[in-house]
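Report on the following structure.
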Amino acid sequence: MSDSPPEFTLTARNLQRRFGARIVVDDVSLALRRGEVLGLLGHNGAGKSTTLQMLSGCLLPDGGEIEICGNDLLRQPLQAKRHLGYLPEIPPLYREMRVDDYLRFAARLHRLNAAQTAAAVAESLHRCGLENVRQKRIGALSKGYQQRVGIAQAIVHQPDVIILDEPTVGLDPAQIRDIRTLIRELADHHSVLLSTHLLAEVEAICDRVNILHQGRLAFDGTTAALAAHDGAPNELEANFLRITGVKP
Amino acid sequence: MIRLIAWRELRSLLGQPASWFMLAILQFILAWFFLARLEAFLDLQPQLAQIANAPGVTAALAAPMFNLAALLLMLLAPIFTMRALAEERRNQTLPLLLAAPVSSATVVLGKFIGLMGFLFLLMGSVPLMLYSLMLGTALDHGLMLANLLGLVLLAASFVALGLYVSALTAQPVVAAIGALAVLLGLWLADIGAATSDSPWHALSPLHHFEAFNSGLLDSGDAVFFLLFSVVFLLLAMRRIDNNRRYG
């Protein structure tokens, strides 16, 4: 990696989204640098998933701008989405398909040609530890494996920006460790934006943290800065609770 | 891209036991009808030979066969179109397509072509059985082609409508019932209309198929099918776009 100034792979400015009269995301701006893992933290209902849905082009914002690798997501969606891999809260799996067929479909959907597809599928099967189940129907896999297939789908085309919505939910401790290692590896070449409500996860893998509270951005800084926010160091949990207005 | 989505749709349909079951039952019904008609025609043939301008084998056999195929298509098309978009929504797989660099037009057209491919497979035995008659007799190719073209256009309009209804809901069963209700409603309004110039005739796809069925290539009917299909495909695309708007 060179010492050139950090390149932003994804920037969002003043995002706003309402459902009916309820404002779910209010004036949220965030920026993701190449090679970093950014954690989006917040209580349930803080607007994390809605924000990620907007960033992935699945939901139109009511206001604001999103740029992915220099392409405006709202005006040039097809160009912008080429640089994007997205794992929603519920992995978008076709249960009747076999794992390798599904990944091949996902790769072709992201405009890889036939030659690139074979290599990309093999690579993502390997990275997500799916080689033993590649011939199985997705519906027959356990929850943990399905989650891995979901992640494999998001990284198969080697996107610059990887958005993961609660990637470790429902996994057992060993699987969580594997996935965290994988996410750290991915950050070497891509940038990762993930949402979570687990502080341990943030501590383990995130370089930077954005805290959402009631639809607004309440904190933006490095993980270390959050731990040392307003007082003694290593008080991640207490600081998170204070920022989100819960008495520690 | 369209081909990729069409191919996945077709494979997903062929991956279900229910599709094969329907396919088998349908072939049985069509073959039964074909043989019964053929037998009746052979019984009547000596008498027909004495009439001037008697109907040939194509008119006596192919026209009713295509008519039956059209009716069955109306009943079956919603069963196959129901899952197209409703199931994507129910299983939460739509984000895969929405977050991928493909437009909603591509998604809808891909699914449309995949479903058309499946219906071709379903109805393919009709022309095959009829053309097998060429082993023993001559066929009226004009009448055959008019019927084939009519059946394809009819299938396109049924699939387009089914896709749109499927885009409206997250429940495949609701999509099937909805599409079937519209198609049956149009058909019943058509056959129930008292006067021959009733506007209900103009709205019913099966009414527009009648001309093709009797061997007439009427551009007005062809335009109706094209407009019908295009309108519902555009509506389905719009519905997918609205998915981004309303979540």
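Heads up: the sequence lines are chains A and B, in that order. So the first sequence is residues 3 to 250, counted in my numbering. So the second sequence is residues 0 to 246, counted in my numbering. Where is the CB? At the ideal position from N, CA and C, for every residue including glycine. For clarity, every value in this text was computed on a predicted model and none was experimentally measured.
Opposing strand residues paired with residue i [DSSP bridges]
i	result
Leu17(A)	Val30(A)
Asn241(A)	Per DSSP, none; premise fails for Asn241(A).
His215(A)	Arg218(A)
Leu166(A)	Leu89(A), Leu196(A)
Glu67(A)	Arg15(A)
Ile185(A)	Looking at the DSSP assignment, Ile185(A) forms no beta bridge with any residue, so it has no partner.
Thr224(A)	Arg210(A)
Phe10(A)	Arg35(A)
Arg24(A)	Phe21(A)
Residue i at chain A interface by Cβ criterion, 8 Å
i	result
Leu3(B)	yes
Gly14(B)	yes
Leu162(B)	no
Asn90(B)	yes
Arg7(B)	yes
Leu250(B)	Residue 250(B) lies beyond the residue range present for chain B, which begins at 0 and ends at 246; the question has no answer from this structure.
Arg82(B)	no
Val173(B)	no
Val229(B)	no
Chain B within 8 Å of residue i, Cβ atoms only
i	result
Lys50(A)	no
Ser4(A)	Only weak support is given to the placement of Ser4(A): the predicted model assigns it a pLDDT of 45, under 50, and the value that follows is read from those uncertain coordinates. Chain B, which has no Cβ nearer than 8 Å to the Cβ of Ser4(A), makes this no.
Ala122(A)	no
Lys83(A)	yes
Cys60(A)	yes
Ala33(A)	no
His112(A)	yes
Phe10(A)	no
Ala108(A)	yes
Glu69(A)	no
Ile164(A)	no
Leu80(A)	yes
Ile153(A)	no
Glu168(A)	no
Arg97(A)	yes
Option in the options with minimal Cα separation from residue i
i	options	result
Gln149(A)	Ala206(A), Leu61(A), Pro90(A), Thr198(A)	Pro90(A)
Leu130(B)	Met143(B), Phe119(B), Leu121(B)	In the sequence under discussion, the amino acid at residue 130(B) is Tyr, which differs from the Leu named in the question. Answer by Cα proximity: Met143(B).
Phe111(B)	Ala154(B), Ala98(B), Asp42(B)	Ala154(B)
Leu132(B)	Ala201(B), Ala58(B), Leu108(B), Ile176(B)	Ala58(B)
Val158(B)	Leu118(B), Leu95(B), Pro54(B), Ala137(B)	Leu118(B)
Leu1(A)	Val204(A), Val171(A), Lys145(A), Glu133(A)	Nothing about residue 1(A) can be read from this structure; chain A reaches only from 3 to 250.
Ala174(B)	Leu60(B), Ile78(B), Arg2(B), Asn146(B)	Ile78(B)
Leu216(B)	Ala98(B), Gly141(B), His206(B), Ser228(B)	Gly141(B)
Leu96(B)	Arg129(A), Val211(A), Arg84(A)	Arg84(A)
Arg139(A)	Asp102(A), Asp64(A), Pro79(A), Leu34(A)	Asp102(A)
Leu17(A)	Leu62(A), Gly141(A), Val204(A)	Leu62(A)
Phe208(B)	Ala145(B), Asn241(B), Val172(B), Arg243(B)	Ala145(B)
Leu228(A)	Pro175(A), Gly217(A), Leu201(A)	Leu201(A)
His215(A)	Gly22(A), Ala33(A), Ser31(A), Gly44(A)	Gly44(A)
Ile239(B)	Trp6(B), Pro94(B), Leu37(B)	Pro94(B)
Asn46(A)	Leu57(A), Gly131(A), Ala226(A), Gly217(A)	Gly217(A)
Met236(B)	Ala193(B), Met21(B), Leu160(B)	Leu160(B)
Thr80(B)	Met64(B), Arg10(B), Ala178(B), Met21(B)	Ala178(B)
8 Å Cβ cutoff, residue i in contact with chain D
i	result
Pro161(A)	Any reference to chain D falls outside this structure, whose protein chains are A and B.
Rounded C-alpha distance that separates residue i from residue j
i	j	result
Thr92(B)	Gln170(B)	14 Å
Arg20(A)	Val27(A)	7 Å
Ala137(B)	Phe32(B)	20 Å
Gly37(A)	Ala23(B)	55 Å
Ala48(B)	Ala221(B)	35 Å
Met3(A)	Gly65(A)	At Met3(A), the pLDDT of 43 sits below 50, so the modelled position is not reliable; the number obtained from the coordinates is stated separately. So the two alpha carbons sit approximately 35 Å from each other.
Phe227(B)	Thr11(A)	44 Å
Ser156(B)	Asn52(B)	35 Å
Gln55(A)	Gly152(A)	16 Å
Gly172(A)	Glu9(A)	33 Å
Ala62(B)	Glu168(A)	59 Å
Leu76(A)	Phe211(B)	46 Å
Gly116(B)	Gly141(A)	25 Å
Pro126(B)	Leu148(B)	11 Å
Ser197(B)	Glu38(B)	38 Å
Gly113(B)	Ser124(B)	18 Å
Cys13(A)	His192(A)	The amino acid occupying residue 13(A) in the given sequence is Thr; Cys does not appear at that position. Going by the C-alpha atoms only, they are around 15 Å apart.
Gly55(B)	Asp42(B)	14 Å
Asp5(A)	Leu3(B)	Residue confidence is low: Asp5(A) scores 48 on pLDDT, short of 50, so the model does not pin down where it sits. Its coordinate-derived value is still stated next. Between Asp5(A) and Leu3(B), the C-alpha separation is close to 41 Å.
Arg136(A)	Glu98(A)	13 Å
Problem set entry | the segment 117-136 of chain A touching the segment 67-86 of chain A, judged by at least three CB pairs closer than 8 Å | no
Exercise. For the segment 164-178 of chain B against the segment 81-100 of chain B, are there 3 or more C-beta pairs whose distance is under 8 Å?
Worked result: Verdict: yes, contact present.
Problem set entry | Cβ contact check for the segment 193-210 of chain B and the segment 94-106 of chain B: 3 or more pairs under 8 Å | no
Problem set entry | Stretch pair the segment 196-204 of chain A + the segment 43-60 of chain A: three plus CB contacts closer than 8 Å | With the rule of 3 Cβ pairs closer than 8 Å, the segment 196-204 of chain A counts as touching the segment 43-60 of chain A.
For this session: Determine contact between the segment 177-188 of chain A and the segment 209-220 of chain A, defined as no fewer than three beta-carbon pairs at a distance below 8 Å.
Result: no
For this session: Check whether the segment 63-80 of chain B touches the segment 180-198 of chain B, counting contact only when three or more Cβ pairs, one atom from each stretch, lie closer than 8 Å.
Result: yes
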